[in-house]
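Q: I'd like to ask some things about the structure below.
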Amino acid sequence: MKKRVISFLVILGLLAAATGCGSQSQAADGKDSKTSEELQTIRLGVMTGNSDQWLAEVGTEKGIFEKYGIQLEITEFAAGINTVDAIVTEQVDIGNLADYAAVNRLGNTQENTDLRLIANYASSAVAQLYVNPKEVTKLEDLAGKGLVTQPGTVWDYWNAKTLEKAGIPEEEQVLVNVDSAQASLGVMTTGEGVAVWASGTNAKKLEEAGMEKLMDMEELGLRTDSYFVTTEKYIKDNEALVTNYLQAIKETQEWVQENQQEAAKIVEEKTAIPQEQFLENLEVLQMGVSFEQDTIDHLTGIKDWAFEAGRFEKDFEITDFIDTAPLENGDF
1 MKKRVISFLV ILGLLAAATG CGSQSQAADG KDSKTSEELQ TIRLGVMTGN SDQWLAEVGT
61 EKGIFEKYGI QLEITEFAAG INTVDAIVTE QVDIGNLADY AAVNRLGNTQ ENTDLRLIAN
121 YASSAVAQLY VNPKEVTKLE DLAGKGLVTQ PGTVWDYWNA KTLEKAGIPE EEQVLVNVDS
181 AQASLGVMTT GEGVAVWASG TNAKKLEEAG MEKLMDMEEL GLRTDSYFVT TEKYIKDNEA
241 LVTNYLQAIK ETQEWVQENQ QEAAKIVEEK TAIPQEQFLE NLEVLQMGVS FEQDTIDHLT
301 GIKDWAFEAG RFEKDFEITD FIDTAPLENG DF
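Numbered as in my numbering, the sequence shown ends at 332 without a single skipped number.
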């Protein structure tokens, strides 16, 4: 876990000295941002290398969060579900997680959680199934062999759908647990695992290690939605601040789409994601800040599947754990 406080105080001081214009600074669109005294801190949990991280980095670099009165304190985690753990233990205020991870967490904690999904901010079908070509040439070859997963995350859902498509009975299914996407490379190279879903940097590393792509998510009819999550109490105490955060994310997304090359340079500098890779991922990523009926239906479909598969004991309504008030108060 790596923690970094992004502060604007020094930058504001330098700008004031250079321009003689007091403590105001300019955001990406030229509008006046807030003064340092007006900034409110949001402790944000991000998944290392994920779109939520680079949106935070780019929005910070371009002064967009500052414009909306926000100073971000960013903490990186190996997976989105870890950011939710950090919310529950009050280490961060806002985190993120993918669709199945949201359903699984809510389903297993529904009686005693105040977690709330506040916005869908990205959708993609970019992940691909990488295999050891010496062990697997078709899906049916996964029978009795290690399929890598990160428990509680969207990998569980992808893997279940993979094994379902392959027609492999439960007694022949072998799952190899890892605690991060980076750790999957280790079990793949040692032979403990023979297949893993990956994208981005991890996909490149798998290819360099001799692994080959077997299929992509579209062949399973899947897409992955990503959500921002916080608690009911945090929304109640900071509703306007949460709205401003979502506004800043939306404006950052728009800036990235209009300035892709510059965004790629910022992301490479801040996260070490190569520019070419960032641009490739951006091309297949659908960004926006909303909570449309289609998103609710998507979550409900995953929830129904998970309940029928015995992932949690009691059914529930997804809408009971969605709070759109911050969206309704903004310009979305």
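Using N, Cα and C, we set each Cβ at its ideal position, and we do this for glycine too.
Rounded to the nearest angstrom, what separates G22 and K67 at their Cα positions?
A: Bear in mind that a pLDDT of 35 at G22, under 50, signals an unreliable position, so the model cannot answer this.
Q: Just to confirm my understanding: we take K31, look at its own chain, exclude 5 residues before and 5 after, and list those with CB closer than 7 Å. What are they?
A: Note that K31 has pLDDT 47, beneath the 50 cutoff, so the model's placement of it is unreliable and no number is given.
Q: If the criterion is Cβ atoms closer than 9 Å, does the pair G330 and N244 meet it?
A: yes
Q: Would you check if the region 222-237 and the region 129-144 touch, i.e. whether three or more CB-CB distances between them fall below 8 Å?
A: no
Q: Would a C-beta distance cut-off of 9 Å place L106 and F316 closer than the cut-off?
A: yes
Q: What is the residue span of the beta strand (DSSP E) that I296 lies within?
A: Here I296 belongs to no beta strand (DSSP E); instead the alpha helix (DSSP H) covers Q293 to E308.
Q: Answer yes or no: do F321 and T113 have a C-beta to C-beta separation smaller than 9 Å?
A: yes
Q: Quick check on this structure: which residue in V289, G167 and D141 has the alpha carbon closest to the alpha carbon of A195?
A: D141
Q: With a CB to CB cut of under 6 Å and the five nearest residues on each side skipped, what residues in its chain are close to F307?
A: D315
Q: Does the Cβ-Cβ distance between G193 and G146 come in under 9 Å?
A: yes
Q: With a Cβ-Cβ cutoff of 9 Å, do M211 and A125 count as a contact?
A: no
Q: Between which two residues does the beta strand (DSSP E) containing Q71 stretch?
A: I70 to F77
Q: I need the straight-line Cα distance from G288 to D225, nearest angstrom please.
A: 11 Å
Q: Less than 7 Å between C-beta atoms, sequence neighbours within five positions excluded: which residues of the same chain meet that for L279?
A: Q260 and A264
Q: According to DSSP, is S290 helix, strand or coil?
A: strand
Q: Thinking C-beta only, is T295 closer than 9 Å to I87?
A: no
Q: Thinking I273 and G59 are a contact (beta carbons under 8 Å), I'd like their distance in whole angstroms, please.
A: Not quite, the Cβ-Cβ distance comes to about 16 Å (not below 8 Å), so this is no contact.
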